[in-house]
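Novice: Residue numbers for the sequence shown follow the working numbering, beginning at 5 and rising by one.
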Amino acid sequence: MRVIPAVFVALAIASGLLIPRVDSLYLLGHAAAMVFALATPLCYWWRLRSNPQKSDGVSRFLLIGLAILGLLSAVASGLLLSMGSSMAAAGDIGGMFLWVCSTWALLILSIAAIFVNAPRSSGLSV
5 MRVIPAVFVA
15 LAIASGLLIP
25 RVDSLYLLGH
35 AAAMVFALAT
45 PLCYWWRLRS
55 NPQKSDGVSR
65 FLLIGLAILG
75 LLSAVASGLL
85 LSMGSSMAAA
95 GDIGGMFLWV
105 CSTWALLILS
115 IAAIFVNAPR
125 SSGLSV
C-alpha cells in the first residue's frame, strides 16, 4: 500500500513521455499524466487517513509537498496539453522542462514517503 503513490508517479512519467510521441495520442498521454499526477497526493492522503496514529508532522509535510508538486505537474501537463501536438512550441516556452522537473521531484518525494513510518525490522534493541 505504501508504494502505490510512487507507482502513480511512474505511470505519470511513462504516460507523459512515451504516449505523446505518437501524434494521434498526444492529448491522451498528457491527460493521463495529469490524472496520475493528481492521484498521487490523493492516494497518500487516503493512506494517512486509514492509519491516523501514523499521521505525524513529517507525514503532513510530505502530504503538502506531494499536493503542491502533483498540482504543479498537472498544470505543466495541462500547459503541454494546450499546445495540441508534439510539434508545438512547448520546448520554447519551457513547458516540458517544468513538467519534467516537477514530475521527477514528485517521484523523489513519493519514494521518500515510502520510507517514512515504515515498519522497522524486528531486531533486538538494548
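We treat Cβ as the ideally placed atom computed from N, Cα and C, and that holds for glycine.
Jot down the residue ranges of each uninterrupted alpha helix (DSSP H) in the region 26 to 71, minimum 4 residues, whole runs only, in chain order.
Specialist: With a minimum length of 4 residues, the continuous alpha helix (DSSP H) runs that stay inside the region 26 to 71 are 30 to 54.
Novice: Please return the same chain residues whose Cβ sits closer than 7 Å to the Cβ of Trp103, not counting the five positions on each side in sequence.
Specialist: Around Trp103: Gly20, Ser77, Ala80, Ser81, Leu84.
Novice: If you draw a straight line from the C-alpha of Met87 to the C-alpha of Ala71, how long is it?
Specialist: So the two alpha carbons sit approximately 25 Å from each other.
Novice: Once the 5 residues before and after Ala41 are set aside, which same chain residues still bring their CB inside 6 Å of it?
Specialist: Counting only Cβ-Cβ distances below 6 Å, and skipping sequence neighbours, we find Ala16, Gly74, Ser77, Ala78.
Novice: Compute the Euclidean distance between the alpha carbons of Leu2 and Leu113, then round it to the nearest angstrom.
Specialist: The structure shown does not extend to residue 2, since the chain spans only 5 to 130, so no value can be given for it.
Novice: Just the C-alpha distance for Val130 and Met38, rounded to the nearest angstrom, thanks.
Specialist: Low confidence applies here, because Val130 scores a pLDDT of 44, under 50, leaving its location unreliable and the question unanswered by this model.
Novice: In whole angstroms, give me the CA-to-CA distance for Ile68 and Leu31.
Specialist: The straight-line gap from Cα to Cα measures roughly 28 Å.
Novice: Which residue wins for smallest C-alpha separation from Ile8, given the options Thr44, Gly33, Leu110, Ala109?
Specialist: Nearest C-alpha to Ile8: Thr44.
Novice: Mapping DSSP to helix, strand and coil, what is Phe119?
Specialist: Three-state result, Phe119: helix.
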